[in-house]
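Q: Numbering (full-length UniProt numbering) for the sequence shown: 1 to 182. Here a beta-carbon is modelled for each residue, glycine too, at the ideal position from N, C-alpha and C. Since we're looking at a predicted model, the values are computed, not measured.
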Amino acid sequence: MTWPVTCVCKGMAVQSLHGDREQCDREEALRDFKNSRVHILVATDLASRGLDVHDITHVYNYDFPRNIEEYVHRVGRTGRAGRSGASITLVTRENWRMAAELILILERAGQEVPEELVIMAERFAKNKRDKEMDNPRGGRGGGGGGGGGGGGWGGGGGGGGGWGRREGGGRRGRDEDSEWAF
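1. Any chance the CB of V59 is under 8 Å from a heavy atom of the ligand MG?
2. Just to confirm my understanding: we take L51, look at its own chain, exclude 5 residues before and 5 after, and list those with CB closer than 8 Å. What are they?
3. Start and end of the beta strand (DSSP E) containing I88?
4. Please give the ranges of any alpha helix (DSSP H) in the UniProt domain "Helicase C-terminal" (1-121), keeping only runs that are unbroken, at least 4 residues long and fully inside the region.
5. Examine the Cβ distances between the stretch 55-68 and the stretch 90-97 and report whether three or more of them are shorter than 8 Å.
6. Could you check which residue in G79, Y71, E115, G11 has the C-alpha nearest to that of I105?
7. Quick one: grab the DSSP three-state call for N127.
8. Thinking C-beta only, is W96 closer than 9 Å to M133?
9. Can you look up G148 in the DSSP assignment and give me helix, strand or coil?
10. According to the Cβ coordinates, are A81 and A100 closer than 9 Å?
11. Using C-beta distances below 7 Å, list every residue in its chain close to L117, excluding the 5 sequence neighbours before and after it, in chain order.
12. On the premise that K34 lies in contact with V14, defined as a C-beta separation below 8 Å, what is that separation, rounded to the nearest angstrom?
13. Taking all protein chains shown into account, do 16 or more other C-beta atoms lie within 10 angstroms of the C-beta of Q23, making it buried, or fewer, making it exposed?
14. Given a threshold of 16 other Cβ atoms within 10 Å of its Cβ, counted over all protein chains shown, does M12 qualify as buried or as exposed?
15. Would you report the Cα separation of N135 and E94, rounded to the nearest angstrom?
16. Mark G19 as exposed unless 16 or more other C-beta atoms lie within 10 angstroms of its C-beta, in which case mark it buried.
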């Protein structure tokens with residue numbers, strides 16, 4: 001984890017919460033975060049359920065959760081008790097299959113749905129239909145390669161939300177000019 005090390009070197013107090021730490025160290029990290037001795041807690045899904053920490057303003061998902069339920073639990077750490085909060089989630093092409101589900105969640109929560117997310121869902125659905133038409137018996141073909149794109153999307157718990165676009169370089173897949181490329 002180089003990001004927490006960078007923060008510490010810049011004088012920012014950071015703690016981590018993950019399964020490879022001893023229980024007493026995890027408890028200390030959570031206590032430090034709750035008592036505002038540290039303002040940044042880098043955590044795995046270990047922190048997505050069962051923790052009640054007041055005044056969390058932001059949740060950043062470095063990787064998209066395995067399913068929408070986990071997404072809801074992760075972003076549910078922010079914006080509690082009528083407060084506003086924001087979540088930002090980095091998205092790669094591998095996550096586009098969940099775009100339609102995320103749209104439903106954001107709409108139910110009264111969040112703005114980014115146009116780019118709608119485009120992702122439409123492109124994924126079109127690609128899926130095209131593949132099904134190419135292979136009507138439902139078999140699976142060989143796989144193609146592709147790199148990650150990136151971007152971010154999220155909805156806050158009680159408000160907020162965010163959308164970010166990938167900036168700078170980053171590797172593109174070999175199908176850069178296909179219908180999947182933005």
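A: According to the structure shown:
1. Because no ligand of any kind appears in the structure shown, any question about the ligand MG cannot be addressed here.
2. Taken in chain order, the residues that qualify are L30, R77.
3. Boundaries of the beta strand (DSSP E) harbouring I88: 86-90, taken from the DSSP string.
4. Counting only runs of 4 or more, we get 2-9, 23-34, 68-75, 99-108.
5. Touching, yes, given that three or more Cβ pairs across the two stretches are closer than 8 Å.
6. It is Y71 whose Cα lies nearest to the Cα of I105.
7. Helix at N127.
8. Not in contact: M133 and W96 (Cβ atoms no closer than 9 Å).
9. The predicted position of G148 is uncertain, since its pLDDT is 40 and thus under 50; no value can be drawn from it.
10. Cβ distance not < 9 Å, so A81 and A100 don't count as in contact.
11. If the five residues before and after L117 are omitted, its C-beta is found closer than 7 Å to the C-beta atoms of A99, L102, I103, W153, all from its own chain and listed in chain order.
12. With 8 Å as the limit, V14 and K34 do not qualify as a contact, their Cβ atoms being about 15 Å apart.
13. Counting of Cβ neighbours within 10 angstroms places Q23 among the exposed residues, the total staying below 16.
14. M12 comes out exposed.
15. Distance between the alpha carbons of N135 and E94: 21 Å.
16. Counting Cβ neighbours within 10 Å, G19 comes out exposed, since fewer than 16 surround it.
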